[in-house]
DNA sequence: AATGAATGAGCGTTCATTCAT
DNA sequence: TATGAATGAACGCTCATTCAT
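Residue numbers (UniProt numbering), protein chains in the order written: chain A, 1 to 209; chain B, 1 to 209; chain C, 1 to 209; chain D, 1 to 209.
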């Protein structure tokens, strides 16, 4: 059973050598709360229970810490989508369904990083930003391809597929903004609902009506 | 009958004048490009072609300039929605349609403020933030009410109306992020497409199929 | 008559608008005492009787303040030499004599800058450093040319003119390190003595023996 | 008879060892390149191929490493001068000649330390600085005494012996700034030339003309 | 004899803001 | 209506140094 002290979590004294992980965790929270420019490295270090200079032992700069966070998270998203697709049945409707489920899962599981990545990617320095924009575009392409397949096969009815896709991605992104992990809706339930929403958006008619 | 706009109340009219307008215009751009904390009032004053001190003649602080921008923009949104609703036919499907069209129109017309309001509202000081969150909730209520009406009247088929509404609002918000005013899609075309998307999201079947 | 308060000089409150001059004066002293890296801009601002941020109103950076100091001083030296040569009689011995006198005058008159320029020029950023090295080389060329003339005309007897020149310049440079402006030797006396030293170094025999 | 070196006393011998030697070598270079304050012990440790902490095994502080370097070098200078004087003929002109040759030899052989000692002695803490200033004064006395002897014996003709001495020392010091060990002039050649310069400076006429 | 991890003080710089005119 | 000059607080970061192993 967690003691009050353990619940305080990030305020507990950090074990020697565990500074890097504590900093990443603190950075996640502070960047999500205050944004890149609003977050000071003093805040982050303090929340991690470390001195300011310890941050520079683990990361070369605020920017590098920030980039490590996003890189890790976006990579995770892409791999989550990829894995989901590999196990999906080979119909567009099922592939779209698992893609959305993977996305919702990711938005809930890595809620803070999602918020950061959506809101703050412009604050990455060009080199890193390009890498992540590339990865993000690859994820977008997964959606685009599945939708295009569905239309080609006649199972999706959708005059402006890009609008549907953009709406769908925006809807999924927004989950991170309002979802309450302590609330009553489980991630799985939410994933199912958003999969239904997705099929509506692309005009898949058979199992919705 | 009091409109949603009137219910939300109003502030003293924003001070107008050559310098003030130049500052608001510059602030719009700089806040949108770099975010609240990333934007410095030196940048804003310079872009407005004014001295740093002049900014303090027009606005008491960075925060007030920021708030004025958002306030102005959110009021505009309400007026737009209100006007649209007043002229709409009295069916849920038509009311939802004009609501979405008004929203899209606003997102395109006030693109930069939209981006700012979506991304940076956390940087408002509590008093102002509460006002705007209130206004925003009022906007959300317009959608909620219309959707609830449609369901009650049996013209919308929608198991989780809150999810549909949130998806719809997120989709509309996102337009500001990708829409290119110099591109080929006109705001009216886009508004129509998103009205269709809205009706799909709420399960309005008659004039879509 | 100077009051005790006026003597304290740099500690007196600075008149509004006079910050730039006070900063240059303070920088002169602190850079000379502690070197470029040893001098902190907080020290400089404090000695100038200004806040740290005021320094940044007048100069864009520590480096720029430093460069302004050296630029001004080296320029002064070059002009001093040039002016002296224009009024000198046209014999090598007289030209060398006024050149040395001008140099001694400069080393005494701008003692602190001399120390800084000699010791710290490597701490200038390349662009500025190149400019100053160029100016310095021009001054060195004045010496080189005069000595070469004297040898060609047979009035100087000097097997290794570059060694003589380097020794002479080093001797003059060093004056800034030990000269006490409050001591008994006047700058003019010193200039005469060093002119004699110069003529010995180049082997000018007629009026020395 | 106690030599100047013995009079100045000596410190405990510097600790020797692989790591320590590598550190001193690295420190020599880095201090010479960037000055005391501009050199970081991280740079020094890295150039020595050791960890930062290892530096603290060998030296108690940056200051101690710095002092060890200068101490070592100045002691070397004294031994060089002493040895040279012991083998010199007992005339002022020969004693001055070997003193200058020893000095030039030292400036060339210990070029980097020479630069450091000349430029950075102010950065020594008082205790150490006093010791070295004392040693330096002892060196100056060697010159002063020889010159005074020469004047007393009538072989030097020199109205302001202190100016001659200061010029001579400055000229020798400066060698470290421009001498190129890979160039064409050997240290011995240079030593001869500077010995001639010295005799000119003090007005020794017989074997120069 | 050496290391990886951490610290507190201070660095140069920028920030939003205010003062005097 | 504006400006030029100044401020105190905070920023991201580096410093010499120490601790635990």
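A virtual CB, placed ideally from N, CA and C, is assigned to each residue, including glycine.
With 16 other Cβ atoms within 10 Å as the buried cut-off, status of residue i
{"i": "residue 208 of chain B", "result": "Here the model assigns residue 208 of chain B a pLDDT of 42, short of 50, so the residue's position is not dependable and the matter cannot be decided."}
{"i": "residue 186 of chain D", "result": "exposed"}
{"i": "residue 17 of chain A", "result": "exposed"}
{"i": "residue 53 of chain C", "result": "exposed"}
{"i": "residue 102 of chain A", "result": "buried"}
{"i": "residue 36 of chain D", "result": "buried"}
{"i": "residue 57 of chain A", "result": "exposed"}
{"i": "residue 86 of chain A", "result": "exposed"}
{"i": "residue 203 of chain B", "result": "buried"}
{"i": "residue 92 of chain B", "result": "buried"}
{"i": "residue 107 of chain B", "result": "buried"}
{"i": "residue 73 of chain B", "result": "buried"}
{"i": "residue 197 of chain B", "result": "buried"}
{"i": "residue 118 of chain B", "result": "buried"}
{"i": "residue 137 of chain A", "result": "exposed"}
CA-to-CA distance, residue j to residue i, given in whole angstroms
{"i": "residue 231 of chain D", "j": "residue 55 of chain C", "result": "Because chain D spans 1 through 209 in this model, residue 231 of chain D falls outside it and cannot be assessed."}
{"i": "residue 90 of chain B", "j": "residue 194 of chain B", "result": "20 Å"}
{"i": "residue 111 of chain D", "j": "residue 32 of chain A", "result": "56 Å"}
{"i": "residue 96 of chain B", "j": "residue 151 of chain B", "result": "12 Å"}
{"i": "residue 43 of chain B", "j": "residue 24 of chain B", "result": "12 Å"}
{"i": "residue 80 of chain D", "j": "residue 47 of chain D", "result": "29 Å"}
{"i": "residue 121 of chain C", "j": "residue 76 of chain C", "result": "16 Å"}
{"i": "residue 133 of chain A", "j": "residue 20 of chain C", "result": "47 Å"}
{"i": "residue 174 of chain B", "j": "residue 166 of chain A", "result": "8 Å"}
{"i": "residue 127 of chain B", "j": "residue 178 of chain A", "result": "21 Å"}
{"i": "residue 184 of chain A", "j": "residue 158 of chain B", "result": "20 Å"}
{"i": "residue 59 of chain A", "j": "residue 15 of chain A", "result": "18 Å"}
{"i": "residue 189 of chain B", "j": "residue 189 of chain A", "result": "35 Å"}
{"i": "residue 149 of chain C", "j": "residue 176 of chain D", "result": "28 Å"}
{"i": "residue 200 of chain A", "j": "residue 99 of chain A", "result": "15 Å"}
{"i": "residue 213 of chain D", "j": "residue 144 of chain D", "result": "Here chain D covers residues 1 to 209 and nothing more, so residue 213 of chain D does not appear."}
{"i": "residue 135 of chain D", "j": "residue 65 of chain A", "result": "51 Å"}
{"i": "residue 69 of chain D", "j": "residue 62 of chain D", "result": "11 Å"}
{"i": "residue 125 of chain C", "j": "residue 38 of chain D", "result": "14 Å"}
{"i": "residue 181 of chain B", "j": "residue 115 of chain B", "result": "14 Å"}
Simplified DSSP assignment, three categories, for residue i
{"i": "residue 118 of chain B", "result": "helix"}
{"i": "residue 6 of chain D", "result": "At residue 6 of chain D, the pLDDT of 43 sits below 50, so the modelled position is not reliable; the number obtained from the coordinates is stated separately. Helix at residue 6 of chain D."}
{"i": "residue 160 of chain C", "result": "coil"}
{"i": "residue 203 of chain D", "result": "coil"}
{"i": "residue 92 of chain D", "result": "helix"}
{"i": "residue 175 of chain C", "result": "helix"}
{"i": "residue 109 of chain C", "result": "helix"}
{"i": "residue 59 of chain D", "result": "coil"}
{"i": "residue 76 of chain D", "result": "helix"}
{"i": "residue 40 of chain A", "result": "coil"}
{"i": "residue 103 of chain B", "result": "helix"}
{"i": "residue 185 of chain A", "result": "coil"}
{"i": "residue 68 of chain C", "result": "helix"}
{"i": "residue 14 of chain C", "result": "coil"}
{"i": "residue 155 of chain D", "result": "coil"}
Residue i, enclosing alpha helix (DSSP H) - first and last residue
{"i": "residue 130 of chain C", "result": "126-152"}
{"i": "residue 180 of chain D", "result": "Careful: residue 180 of chain D lies outside any alpha helix (DSSP H) and carries neither H nor E."}
{"i": "residue 50 of chain B", "result": "Here residue 50 of chain B belongs to no alpha helix (DSSP H), and DSSP marks it neither H nor E."}
When you check each C-beta in the UniProt domain "HTH tetR-type" (17-77) of chain B against every C-beta of chain A, which residues fall closer than 9 Å? Taking 9 Å as the upper bound on Cβ-Cβ separation, chain A lies near residues 33, 34, 35, 36, 37, 38 and 39 of the UniProt domain "HTH tetR-type" (17-77) of chain B.
Output needed in chain order: residues of the region 85-119 of chain C with a Cβ under 7 Å from some Cβ in chain D. Cβ proximity to chain D below 7 Å picks out 119 from the region 85-119 of chain C.
Closer than 8 Å between beta carbons: that is the criterion. Which residues of the region 137-150 of chain A meet it against chain B? Listed in sequence order: no entries.
Which residues, in order along the region 164-179 of chain A, keep a beta-carbon less than 9 Å from a beta-carbon of chain B? So the close ones are 164, 166, 167, 168, 169, 170, 171, 172, 173, 174, 175, 177 and 178.
Compile a chain-ordered list of the residues in the region 183-197 of chain C whose CB is closer than 9 Å to at least one CB of chain D. Residues are counted here when their Cβ sits less than 9 Å from a Cβ of chain D; for the region 183-197 of chain C these are 190, 193, 194, 196 and 197, given in chain order.
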